[in-house]
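Residue numbers (full-length UniProt numbering): 1 to 467.
All residues carry an ideal CB built from backbone N, CA and C; glycine is no exception.
Structure first, commentary second.
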């Protein structure tokens with residue numbers, strides 16, 4: 001019964017994942033600079049995602065507790081009225097003082113983890129800005145926010161600067177809806193669901209104000225924070241097809257790419273020419289997709305910081321990374337930072353442990369592309385895009401501490417004279433053909449004392465690829 005229940009969950013997840021993009025034809029980008037940037041991004045494979053804001057002080061589900069929608073994952077204090085709760089939430093900026101924020105440490109830790117690009121929540125749906133915007137006072141540098149007296153209060157500038165120094169590709173997460181803007185959630189009417197709370201056709205001037213507000217904020221991000229490679233737009237319900245919520249993406253993208261040539265635009269869940277890559281959330285496709293994509297996933301259960309949240313094991317996350325990369329995707333792994341500005345100890349531990357694995361096996365991840373059969377049984381395959389080396393990554397069982405003495409590869413085999421090696425071990429391995437496959441013998445010393453945990457990688461130089 002338990003196995004049946006788990007299977008039903010997996011089927012439901014995959015059905016939902018397919019439904020997310022049902023009927024959305026992928027638009028092949030024509031801008032040469034964007035195509036080059038997309039190829040570079042696909043080489044990086046592993047990214048660092050951070051959700052952080054005033055909500056982190058309370059362990060709230062980022063922004064969503066001020067949305068009136070009645071779903072089980074939006075939990076707020078129901079003892080007080082919604083209006084009082086909303087006021088209290090907005091006033092969190094008056095106590096937000098993350099004095100332990102250390103951008104250099106974040107960047108060093110991400111580099112140690114083997115991550116190659118960084119995406120940060122510049123503004124979530126609640127509208128609080130983690131940069132010194134000139135469009136609103138609901139921001140980290142506001143005189144009402146105690147952190148404004150810090151030596152360098154523009155958090156975004158400090159973060160992007162730290163990661164740029166370490167050659168990370170930089171992504172700016174930006175929420176299209178803004179629940180603090182009077183031109184999106186007007187005080188004239190009650191807050192409704194996640195959408196604009198007035199009829200745009202009846203109040204077009206208000207929507208024009210909101211479009212200009214959005215344009216100006218994105219312009220700030222494109223002009224004041226060095227090189228930006230990705231604009232990661234969340235809030236897919238803000239779209240022309242939904243209540244006429246047209247924020248004039250043509251105008252925004254033309255401006256943004258004028259300042260940041262080759263900028264990758266990710267207008268999530270919208271499809272069309274401004275969704276340069278797709279972003280399944282907390283899910284991994286069953287099969288490879290024939291366009292660029294990225295699974296964004298949390299280390300814990302919640303995107304933002306929650307005291308006592310349950311974290312995934314490093315083994316799980318290594319296996320997810322390998323599975324995603326074998327299907328041609330990127331893995332954007334998120335941590336929720338606490339109200340003091342610190343990455344939780346559990347997150348630090350995971351990142352350091354993933355770094356140990358990546359140090360041994362990174363060549364099987366970076367600059368690779370999928371190769372059939374992608375995944376079979378406990379083995380995932382990748383192929384380096386330049387030198388043609390094929391990697392067979394063996395995923396261990398939960399209690400499998402040591403690799404097996406032999407690994408059978410069923411669907412691909414080395415060409416005559418090819419060499420097979422083991423990442424983390426010097427020297428070539430012996431192998432023999434068995435039926436249509438090849439049986440590889442691992443050295444006893446490595447089996448007894450492997451160079452890493454969780455997964456072990458064979459490298460095959462010279463392949464016969466079976467159709």
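Nearest-angstrom Cα separation, counted from residue 211 out to residue 248: Taking the first residue of the chain shown as 1, we reach residue 248 at position 248. Taking the first residue of the chain shown as 1, we reach residue 211 at position 211. Rounded to whole angstroms, residue 248 to residue 211 spans 7 Å at the Cα level.
Count the CB pairs spanning the region 386–394 and the region 51–69 that are closer than 8 Å, and state whether there are at least three. Between the region 386–394 and the region 51–69, the count of C-beta pairs closer than 8 Å stays below three; the two stretches do not touch.
In angstroms with no decimal places, state the Cα-to-Cα distance between residue 299 and residue 58. Mapped onto the chain shown, residue 299 falls at position 299. Mapped onto the chain shown, residue 58 falls at position 58. Cα to Cα, the separation comes out at about 19 Å.
DSSP three-state assignment for residue 194, whether helix, strand or coil: Against the chain shown, residue 194 aligns to sequence position 194. Residue 194: coil per DSSP, three-state reduction.
Measure from the alpha carbon of residue 305 to the alpha carbon of each residue in 186, 35 and 61, then state which is nearest. For the purposes of this step, residue 305 is taken as the residue at position 305 of the chain shown. Out of 186, 35 and 61, 61 has the C-alpha closest to the C-alpha of residue 305.
For the beta strand (DSSP E) holding residue 419, just list the boundary residues, first then last. In the chain shown, residue 419 corresponds to position 419, counting from 1. The continuous beta strand (DSSP E) containing residue 419 extends over residues 412–422.
Taking the alpha carbon of residue 45 as the reference point, which residue from 218, 100 and 118 has its own alpha carbon closest? The residue given as residue 45 occupies position 45 in the chain shown. Of 218, 100 and 118, the smallest CA-CA separation from residue 45 is found for 118.
DSSP three-state label for residue 239, please. Taking the chain shown and counting its residues from 1, the one referred to as residue 239 is at position 239. DSSP places residue 239 in coil when its eight states are reduced to three.
Closer than 6 Å by C-beta to residue 145: which residues in its own chain qualify, once you throw out the five before and the five after it? Chain order, please. Within the chain shown, residue 145 is the residue found at index 145, counting from 1. The residues are 93 and 96.
Contact between the region 429–438 and the region 392–410 (3+ Cβ pairs under 8 Å): Touching, yes.
Bridge partner(s) assigned by DSSP for residue 437: The sequence position of residue 437 within the chain shown is 437, counting from 1. Answer is 434.
Where do the ends of the alpha helix (DSSP H) carrying residue 394 lie? As a position in the chain shown, residue 394 is number 394, starting the count at 1. Boundaries around residue 394 are those of the beta strand (DSSP E), 390–395, since no alpha helix (DSSP H) includes it.
Own chain residues within Cβ distance below 8 Å of residue 162, not counting five before or after: In the chain shown, counting from the first residue as 1, residue 162 sits at position 162. Cβ contact annotation for residue 162 (same chain, cutoff 8 Å, sequence separation greater than five): 103, 104, 106 and 107, in chain order.
Cβ neighbour criterion (16 or more within 10 Å) applied to residue 449: Mapped onto the chain shown, residue 449 falls at position 449. Only exposed fits residue 449, as fewer than 16 other CB atoms lie within 10 angstroms of its CB.
Under 8 Å: do the region 35–52 and the region 278–298 share three or more Cβ pairs, one atom per stretch? Pairwise C-beta distances place the region 35–52 in contact with the region 278–298, as three or more of them are shorter than 8 Å.
Three-state secondary structure (DSSP) of residue 234: Your numbering for residue 234 matches position 234 in the chain shown. Three-state result, residue 234: strand.
Mind pulling the alpha helix (DSSP H) runs of 4 or more residues that sit fully within the region 211–291? DSSP runs (the alpha helix (DSSP H)) wholly in the region 211–291: 249–259.
Own chain partners of residue 307 with C-beta closer than 7 Å, once the 5 adjacent residues on each side are dropped: In the chain shown, residue 307 corresponds to position 307, counting from 1. The residues are 59.
Assign residue 369 to one of three DSSP states: helix, strand, or coil. Taking the first residue of the chain shown as 1, we reach residue 369 at position 369. Residue 369: strand per DSSP, three-state reduction.
Based on the DSSP secondary-structure assignment, which residues constitute the bridge partners of residue 382? Walking along the chain shown from the start, residue 382 turns up at place 382. Checking the DSSP bridge columns, you'll see residue 382 partnered with 391.
Using beta-carbon positions only, say whether residue 101 and residue 341 come within less than 7 Å of one another. Looking up residue 101 in the chain shown gives position 101. Looking up residue 341 in the chain shown gives position 341. Taking 7 Å as the cut-off, the beta carbon of residue 101 is found closer than this to the beta carbon of residue 341.
Among 150, 261, 111 and 182, nearest to residue 135 - alpha-carbon criterion: The residue labelled residue 135 in the question sits at position 135 within the chain shown. Closest option to residue 135, Cα to Cα, is 182.
When we look at the beta-carbon of residue 245 and count the other beta-carbons within 10 Å, is it buried (16 or more) or exposed? Taking the chain shown and counting its residues from 1, the one referred to as residue 245 is at position 245. Classification for residue 245: buried.
When 379, 209 and 259 are compared against residue 178, the one with the closest alpha-carbon: Taking the chain shown and counting its residues from 1, the one referred to as residue 178 is at position 178. Residue 209 is the option with its Cα nearest to residue 178.
Which value, in whole angstroms, describes the spacing of the CA atoms of residue 203 and residue 240? Working through the chain shown from its first residue, we reach residue 203 at position 203. Working through the chain shown from its first residue, we reach residue 240 at position 240. Roughly 16 Å between the two C-alpha positions.
CA-CA distance, residue 35 and residue 78? Numbered from its first residue, the chain shown carries residue 35 at position 35. Numbered from its first residue, the chain shown carries residue 78 at position 78. The straight-line gap from Cα to Cα measures roughly 49 Å.
Which of helix, strand or coil does DSSP assign to residue 4? Locating residue 4 in the chain shown gives position 4, where the first residue counts as 1. Note on residue 4: pLDDT 32, under 50, position unreliable in the model; the coordinate value appears next. Reduced to three states, the DSSP call for residue 4 is helix.
For residue 105, the three-state DSSP class (helix, strand or coil): Stepping through the chain shown from its first residue, residue 105 is reached at position 105. Looking at residue 105 - three-state DSSP - the assignment turns out to be helix.
Run the CB neighbour count on residue 436, radius 10 Å, all protein chains shown included, and call it buried at 16 or more, exposed below. Counting from one through the chain shown, the residue named residue 436 turns up at place 436. By the neighbour-count rule (16 or more Cβ atoms within 10 Å), residue 436 is not buried but exposed.
For residue 259, collect the residues of the same chain with a Cβ closer than 6 Å to its Cβ; drop the 5 residues on either side in sequence, then sort them by chain order. Along the chain shown, one-based indexing puts residue 259 at 259. Once the five neighbours on either side are set aside, the close Cβ partners of residue 259 are 222 and 223.
Taking C-alpha atoms, which residue in 216, 80, 264 and 121 lies nearest to residue 38? In the chain shown, counting from the first residue as 1, residue 38 sits at position 38. Shortest Cα-Cα distance from residue 38 to any of 216, 80, 264 and 121 involves 264.
Distance between residue 197 and residue 189 (C-alpha atoms, nearest Å): Reading the chain shown from its first residue, position 189 is the one you call residue 189. Reading the chain shown from its first residue, position 197 is the one you call residue 197. One C-alpha to the other measures close to 7 Å.
May I ask which residues mark the beginning and end of the alpha helix (DSSP H) holding residue 347? Here residue 347 is taken as the residue at index 347 of the chain shown, counted from 1. Residue 347 -> alpha helix (DSSP H) spans 345–361.
Run through the DSSP bridge pairs and tell me what residue 496 is partnered with. Shown here, the chain extends from 1 to 467; a query on residue 496 therefore has no answer.
What span of residues does the alpha helix (DSSP H) with residue 39 cover, start to end? Within the chain shown, the letter at position 39 stands for residue 39. Counted as a single uninterrupted DSSP element, the alpha helix (DSSP H) harbouring residue 39 occupies residues 32–44.
Tell me whether residue 278 is buried or exposed, calling it buried when 16 or more other Cβ atoms sit within 10 Å of its Cβ. Here residue 278 corresponds to residue number 278 of the chain shown, with the count starting at 1. Burial call: buried.
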